[in-house]
Amino acid sequence: MAGGRSSQRAYFGLNWVISIILAILPTNVICGIITRIMRQNWLGLILNIILFPVFWIIDLVTIIAFKDLTILA
-19 MAGGRSSQRA YFGLNWVISI ILAILPTNVI CGIITRIMRQ NWLGLILNII LFPVFWIIDL
41 VTIIAFKDLT ILA
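Using this note's numbering, you'd call the opening residue of the sequence shown number -19 and step up by one each time.
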């Protein structure tokens, strides 16, 4: 993928549409945890594990609106 931030885009640098599909499915919890580990955001990781239903909504909205995880990611 071209661009300076391609490795920081949504889930694992994948296409926006694929990231939306992953955010809708129950895989969102696993993808969110792995993405936060890769970005070394430990507070976001802990909160994602504890408050996963809230982060499911937050991740879905931020991927749709900003094409990237922006809240605690």
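Glycine is no exception: its CB is placed at the ideal position from the N, C-alpha and C atoms.
For the alpha helix (DSSP H) containing residue i, list its first residue and its last residue.
i: P12; result: Per the sequence shown, the amino acid found at residue 12 is Gly instead of Pro. Residues N8 to M18.
i: N28; result: W22 to I30
Look up residue i in the DSSP assignment and say whether it is helix, strand or coil.
i: A3; result: helix
i: Y(-8); result: Residue identity check: residue -8 is Phe in the sequence provided, not Tyr. Here F(-8) sits in coil by DSSP.
i: G(-17); result: Note that G(-17) scores a pLDDT of 48, beneath 50, so its modelled location is shaky and nothing firm can be said.
What do you get for residue i, buried or exposed, if any count of 16 or more other CB atoms within 10 angstroms of its CB means buried?
i: L23; result: exposed
i: I38; result: buried
i: P33; result: exposed
What does a CB cutoff of less than 7 Å around residue i pick up in its chain, not counting 5 residues either side in sequence?
i: A(-10); result: W(-4), S(-1), I43, K47, D48 and L49
i: I13; result: L25, N28 and I29
Quick one: what's got a C-beta closer than 6 Å to residue i's C-beta in the same chain, skipping five residues either side?
i: C11; result: Y(-9) and L2
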